[in-house]
Amino acid sequence: MNNVALKESCYACRYANRKRVGDITIGDFLGRLSGKIRTQHPSIVLVNSDKGEEHWKELVASAGENLAFEECERELAISRQFSLLRPAEKNESRPVFLREYDQTGFSKAVFQACKEQMYKDRIQEVLQIIGKIKQKLKP
Numbered sequence: 146m147n148n149v150a151l152k153e154s155c156y157a158c159r160y161a162n163r164k165r166v167g168d169i170t171i172g173d174f175l176g177r178l179s180g181k182i183r184t185q186h187p188s189i190v191l192v193n194s195d196k197g198e199e200h201w202k203e204l205v206a207s208a209g210e211n212l213a214f215e216e217c218e219r220e221l222a223i224s225r226q227f228s229l230l231r232p233a234e235k236n237e238s239r240p241v242f243l244r245e246y247d248q249t250g251f252s253k254a255v256f257q258a259c260k261e262q263m264y265k266d267r268i269q270e271v272l273q274i275i276g277k278i279k280q281k282l283k284p
């Protein structure tokens, strides 16, 4: 949704930086690593202290095969997560979202505020599919 529906405090978040204050940081992971784990919405878990390491090991041991995870270099993981580097940037369509949200509700407000970007993204997807089809049809 391109930062259009975030809380106002997200645009000036004092925790959106590399310095972590908790023992463990959990959030949505943006991107893919090796592809070993097949999920549409992976999470990121950063272990930030010895206490966090202790808790993580306990969780892994107790979860057994119910927990699929892949370790990677901390810097690689952080580099893909904008909210771990800096506060979110305000989307220029945020005023449209806020106005529409009060009048029509969340879903319609997101659509109104982001429809241009949504159409552009969809066109990109279609063009990529066409490109793949062309590659398969080549003799």
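Counted the way our numbering counts, the sequence shown spans residues 146 to 284.
For each residue, glycine too, the CB sits at the ideal point set by N, CA and C.
Identity of the residue in Ser207, Val192 and Val205 nearest Ile223 by Cα | For the purposes of this step, residue 223 is identified with residue 78 of the sequence shown, where counting begins at 1. That would be Val192, whose Cα lies nearest to the Cα of Ile223.
Burial state of Phe256 (16 or more Cβ within 10 Å) = Numbered from its first residue, the sequence shown carries residue 256 at position 111. By the neighbour-count rule (16 or more Cβ atoms within 10 Å), Phe256 is not buried but exposed.
Alpha carbon to alpha carbon, how far is Leu212 from Val166? Give it in angstroms, no decimals.
-> Reading the sequence shown from its first residue, position 21 is the one you call residue 166. Reading the sequence shown from its first residue, position 67 is the one you call residue 212. The straight-line gap from Cα to Cα measures roughly 25 Å.
Quick one: Cα of Phe174 to Cα of Ala254, how far?
-> To locate residue 174, count along the sequence shown from 1; it is residue 29. To locate residue 254, count along the sequence shown from 1; it is residue 109. Their Cα atoms are separated by approximately 25 Å.
Helix, strand or coil for Gly167 per DSSP?
-> Against the sequence shown, residue 167 aligns to sequence position 22. Gly167: coil per DSSP, three-state reduction.
Cut-off 7 Å between Cβ atoms - residues of its own chain near Pro187, not counting five sequence neighbours on either side = The count along the sequence shown starts at 1 and reaches residue 187 at position 42. Closer than 7 Å at the Cβ level, and outside the excluded window around Pro187, lie Phe174.
Sort out for me which residues DSSP pairs Asp173 with in a bridge.
-> Numbered from its first residue, the sequence shown carries residue 173 at position 28. Per DSSP, Ser188.
Between the CA atoms of Val271 and Lys283 - distance to the nearest angstrom | Taking the first residue of the sequence shown as 1, we reach residue 283 at position 138. Taking the first residue of the sequence shown as 1, we reach residue 271 at position 126. Those two C-alpha atoms are separated by around 19 Å.
Coarse secondary structure for Gly197, derived from DSSP in three states | As a first step, residue 197 is located in the sequence shown; it is residue number 52 there, counting from the start. Residue state, collapsed to three classes: helix.
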